[in-house]
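J.: Let me give you the structure first, and then I'll get to my questions.
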Amino acid sequence: MKRTLLAVLGAISLSACAQAPDADAGAAANGKTPMVSNTVPAAPEPAAGTPEARAVAAVRTLSENLKPEHVGAAPLPGFREVIVSGQIVYVSDDGRYMFLPGQGGALYDTTTQTNLSEETFAHLRRDLLKTIPASERIVFAPKDPKYTVTVFTDVECGYCRKLHSEIAEYNRQGIAIEYLAFPRMGLGSEDYKKMVSIWCASDRKQALTAAKSDKPVPSLDCKNTVNMQYSVGQRAGLTGTPMILTEDGVQVGGYVPPEALRQTLDKLAADRAGQPAAPAGGA
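Taken in order, the sequence shown gives residues -20 to -1, 1 to 263; the numbers are from mature numbering (1 follows the signal peptide of the UniProt record, and there is no 0).
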């Protein structure tokens, strides 16, 4: 499946779009002597046809407004080193591949606009999710959902609670939510004990909703898979809750509002089919 470089755009190009006003220009317009400029000087444009020029062109596939502060030889043979918006990017000398250490070690193909690291990780996540039986998921689903996502959740985190408070709207958007447990305070914590109690409850959906609303949940213990779910979350690369995964194992969030999540899922489905995404508007 084709993966666009959304993660890189979020990390780099947004900072390029949020440039501060030019203080010198304002001062000059008022007849005042310009003070020290707030603008960080960009690196000189490299000569055309050089590895440095191809590296800059590759970075600008993210946003044509990006202005690298440094371009030069990298400690990695066959790559150039580019510093842009405070981040280091390594670009292959032919300009095709970008490696971003600050993006979890992600490797991107600029020609196909594919996150090669995510492709591999998605397959791993998909296989890991298969190890958790359907009976061990807490499911909130509409009739005939268009999409199903897995959400690693915690009863204490604010964004997990916000997501759950909008569960009816996710369902209205045609999205089924399948919850798995990830007690972020660790195994054996009070947080963990609450999640065990939820998974041991006769009505897990009601118990989860109560816990996320600060209502009491009876303390219970039983044979459960909370430890297993926590382990799967760690192996899937979870660093915070919530984490939303598609059926293909693609990570599409943290917290994502219902309509935005539907738009994202529509786009991923369109990419798979090689078609433009349809406007969002429910199932």
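Every residue gets a Cβ at the ideal spot worked out from N, C-alpha and C, and that includes glycine.
Predicted model only: the values in this text are computed from it and were never measured.
(1) Answer yes or no: do I118 and L188 have a C-beta to C-beta separation smaller than 9 Å?
(2) Hey, R60 and A35 are a contact pair by Cβ (cut 8 Å); roughly how many whole angstroms apart?
(3) To which residues of the same chain is T221 closer than 7 Å at the C-beta, ignoring the five residues directly before and after it?
(4) For M223, collect the residues of the same chain with a Cβ closer than 6 Å to its Cβ; drop the 5 residues on either side in sequence, then sort them by chain order.
(5) Taking G52 as the reference, give the member of I63, D194 and E170 with the closest Cα.
(6) Can you have a look at V236 and say buried or exposed, based on whether 16 or more other CB atoms are within 10 angstroms of its CB?
(7) Among the candidates N95, S65 and Q186, whose CA atom is the shortest distance from the CA of M78?
(8) Identify whether E146 lies in helix, strand or coil by the three-state DSSP scheme.
(9) Going along the chain, which residues of its own chain have a beta-carbon closer than 7 Å to the beta-carbon of P26, five neighbours each way excluded?
(10) Just reading off the beta strand (DSSP E) that T130 is part of, what are its end residues?
(11) Go through the stretch 166 to 240 residue by residue and report every complete run of the beta strand (DSSP E) that reaches 3 residues or more, in order.
(12) Kindly indicate which residue of L218, I157, D171 and P55 has the alpha-carbon position closest to the one of R105.
(13) Going straight from the alpha carbon of E227 to that of T30, what length do you get?
(14) Using a threshold of 9 Å, state whether the C-beta atoms of A102 and Q231 are closer than that.
(15) The alpha helix (DSSP H) with R106 in it runs from where to where?
(16) Note down the Cα distance separating N204 from D183, rounded to an integer number of angstroms.
(17) Taking just the CA atoms, how far does R40 sit from D246?
(18) With a threshold of 7 Å on Cβ separation, who are the neighbours of E44 within its own chain once the five nearest residues in sequence on each side are excluded?
(19) CB M175 to CB V129, shorter than 9 Å?
(20) Taking only the alpha-carbon atoms, compute the straight-line gap between I155 and P238 and give it to the nearest angstrom.
(21) Tell me which same chain residues have a C-beta within less than 6 Å of the C-beta of P57, skipping the five on either side of it?
(22) Quick test of your reading: L109 and R215, contact by CB under 8 Å. State the CB separation rounded to the nearest angstrom.
(23) Please return the same chain residues whose Cβ sits closer than 7 Å to the Cβ of C202, not counting the five positions on each side in sequence.
T.: Reading off the structure:
(1) One-based indexing of the sequence shown puts residue 118 at position 138. One-based indexing of the sequence shown puts residue 188 at position 208. Contact flag set, yes.
(2) Residue numbering aside, residue 60 sits at position 80 when the sequence shown is read from its first letter. Residue numbering aside, residue 35 sits at position 55 when the sequence shown is read from its first letter. Confirmed, Cβ separation roughly 4 Å.
(3) Working through the sequence shown from its first residue, we reach residue 221 at position 241. Cβ within range, chain order: F132, T133, D134, C137, C140, F162 and R164.
(4) As a working mapping, residue 223 is identified with position 243 in the sequence shown. F132, listed in sequence order.
(5) Walking along the sequence shown from the start, residue 52 turns up at place 72. Nearest C-alpha to G52: I63.
(6) Here residue 236 refers to the residue found at position 256 of the sequence shown. Buried.
(7) The count along the sequence shown starts at 1 and reaches residue 78 at position 98. When each option's Cα is compared against that of M78, the closest is N95.
(8) Indexing the sequence shown from 1 puts residue 146 at position 166. In this structure, E146 counts as coil in the three-state DSSP scheme.
(9) By 1-based counting over the sequence shown, the position of residue 26 is 46. Once the five neighbours on either side are set aside, the close Cβ partners of P26 are E32, A33, V36 and V51.
(10) What you label residue 130 is simply residue 150 of the sequence shown in a count that begins at 1. Where T130 is concerned, the enclosing beta strand (DSSP E) stretches over Y127 to T133.
(11) 223 to 225 and 231 to 233
(12) Here residue 105 refers to the residue found at position 125 of the sequence shown. Measuring from the Cα of R105, the nearest candidate turns out to be L218.
(13) Sequence index remark: in the sequence shown, residue 227 carries index 247 (1-based). Sequence index remark: in the sequence shown, residue 30 carries index 50 (1-based). If I take the Cα positions, the gap works out to 42 Å.
(14) As a first step, residue 102 is located in the sequence shown; it is residue number 122 there, counting from the start. As a first step, residue 231 is located in the sequence shown; it is residue number 251 there, counting from the start. In this structure, Q231 lies closer than 9 Å to A102 by Cβ.
(15) The residue given as residue 106 occupies position 126 in the sequence shown. From DSSP, the alpha helix (DSSP H) with R106 extends over L96 to L109.
(16) Position 224 of the sequence shown, counting from 1, holds the residue named residue 204. Position 203 of the sequence shown, counting from 1, holds the residue named residue 183. Their backbone Cα atoms lie some 14 Å apart in a straight line.
(17) If you number the sequence shown from 1, residue 246 lands on position 266. If you number the sequence shown from 1, residue 40 lands on position 60. When rounded, the distance between both Cα atoms is 26 Å.
(18) Walking along the sequence shown from the start, residue 44 turns up at place 64. Closer than 7 Å at the Cβ level, and outside the excluded window around E44, lies no residue.
(19) Reading the sequence shown from its first residue, position 195 is the one you call residue 175. Reading the sequence shown from its first residue, position 149 is the one you call residue 129. It is not a contact, given that the beta carbons lie outside the stated cut-off.
(20) For the purposes of this step, residue 155 is taken as residue 175 along the sequence shown, with counting starting at 1. For the purposes of this step, residue 238 is taken as residue 258 along the sequence shown, with counting starting at 1. Between I155 and P238, the C-alpha separation is close to 8 Å.
(21) Walking along the sequence shown from the start, residue 57 turns up at place 77. If we look at P57 and ignore the five residues flanking it on each side, it has no Cβ neighbours.
(22) Along the sequence shown, one-based indexing puts residue 109 at 129. Along the sequence shown, one-based indexing puts residue 215 at 235. Contact flag wrong, Cβ pair sits at about 11 Å.
(23) One-based indexing of the sequence shown puts residue 202 at position 222. C180.
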